[in-house]
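Notes to accompany the following structure.
Residue numbers (our numbering): 136 to 335.
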């Protein structure tokens with residue numbers, strides 16, 4: 136099965152059966168058409184989640200029709216965030232998933248990411264990654280072991296000069312470890328191992 140997130144709704148397609156439409160998942164407007172994130176929810180089992188380009192919300196649905204048929208392809212819960220975002224990431228070894236808020240018009244919200252508990256389904260921390268004028272935080276990526284989270288900082292007012300950063304956080308304590316400076320709009324810093332073995 137594959138879940139394709141379009142601008143209007145996630146579409147579930149059976150890739151083993153010639154691309155048969157399985158379901159449409161009823162979520163808020165303007166889902167982000169990216170990979171989203173997958174994790175194990177203590178109540179629902181395997182789930183998938185996405186941010187929204189048009190509203191501050193994370194939508195989560197069941198995605199295990201074999202083991203959790205009654206939960207599969209249905210909206211299970213939503214978490215309201217401070218602003219509309221683009222990226223959501225997690226790791227199988229992490230207790231949290233992270234969501235950015237890049238599409239919000241207020242700079243302070245654009246500069247912050249929210250960390251949400253898989254267990255309680257609540258925001259446990261809002262991290263303002265940068266306070267520099269014209270910059271925004273986006274695109275979290277875990278390292279292979281799931282012990283670090285790397286967050287990009289863009290200079291939205293001048294994306295041609297190397298004033299962007301990657302900020303590294305401890306994935307458990309949520310504390311900042313270091314900043315890698317001198318980068319130009321460092322968005323696509325994908326962990327190759329995590330992408331190839333795309334469990335989360």
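Glycine is no exception: its CB is placed at the ideal position from the N, C-alpha and C atoms.
N-terminal and C-terminal residue of the alpha helix (DSSP H) that residue i is part of
i: residue 249; result: Looking at the DSSP string, residue 249 is not in any alpha helix (DSSP H); the run it does join, the beta strand (DSSP E), is 247-252.
i: residue 284; result: It is not in any alpha helix (DSSP H) - residue 284 instead sits in the beta strand (DSSP E) that spans 283-290.
i: residue 337; result: No information on residue 337 is available, as it lies outside the stretch 136 to 335 that the chain covers here.
Nearest candidate by alpha-carbon position, reference residue i, set the options
i: residue 198; options: 240, 187, 147 and 156; result: 147
i: residue 311; options: 324, 265, 293 and 325; result: 265
i: residue 325; options: 242, 237 and 225; result: 225
i: residue 216; options: 262, 175, 205 and 227; result: 262
i: residue 165; options: 145, 158, 180 and 183; result: 145
i: residue 292; options: 283, 282, 242 and 314; result: 242
i: residue 218; options: 289, 248, 184 and 156; result: 248
i: residue 327; options: 277, 267, 290 and 315; result: 277
Residue interval of the beta strand (DSSP E) (run including residue i)
i: residue 224; result: 223-225
i: residue 211; result: 210-215
i: residue 329; result: That residue, residue 329, is in no beta strand (DSSP E); its alpha helix (DSSP H) goes 327-331.
i: residue 259; result: 258-263
i: residue 203; result: It is not in any beta strand (DSSP E) - residue 203 carries neither H nor E in the DSSP assignment.
i: residue 318; result: 311-318
Sequence-distant residues of the same chain with beta carbon closer than 8 Å to residue i, five excluded per side
i: residue 163; result: 187, 189, 190, 192, 194 and 213
i: residue 221; result: 167, 169, 186, 188, 235, 237, 238, 273 and 274
i: residue 202; result: 180 and 181
Residue i beta carbon near the ligand ZN (any heavy atom closer than 7 Å)
i: residue 169; result: As presented, the structure is devoid of all ligands, the ligand ZN included, so that no description of it is given.
Short Cβ contact (8 Å threshold) for residue i with residue j
i: residue 322; j: residue 296; result: no
i: residue 254; j: residue 200; result: no
i: residue 223; j: residue 271; result: no
i: residue 280; j: residue 228; result: yes
i: residue 96; j: residue 287; result: The question about residue 96 has no answer, for the chain in this structure spans 136 to 335.
i: residue 233; j: residue 211; result: no
i: residue 283; j: residue 303; result: yes
i: residue 309; j: residue 250; result: yes
Nonlocal neighbours in the same chain, by C-beta distance under 7 Å from residue i, ignoring five residues either side
i: residue 240; result: none
i: residue 252; result: 230, 231 and 259
i: residue 175; result: 181
i: residue 207; result: 197, 198, 199 and 200
Residue i at chain D interface by Cβ criterion, 8 Å
i: residue 331; result: Considering every chain present, this structure includes no chain D. It has just one protein chain.
Spatial neighbours of residue i in its chain, beta-carbon cut-off 6 Å, leaving aside the 5 residues before and after
i: residue 317; result: 297
Just list the beta strand (DSSP E) runs in the segment 144-172, keeping only unbroken ones of 3 residues or longer that don't cross its boundaries, in chain order. 145-149 and 155-159
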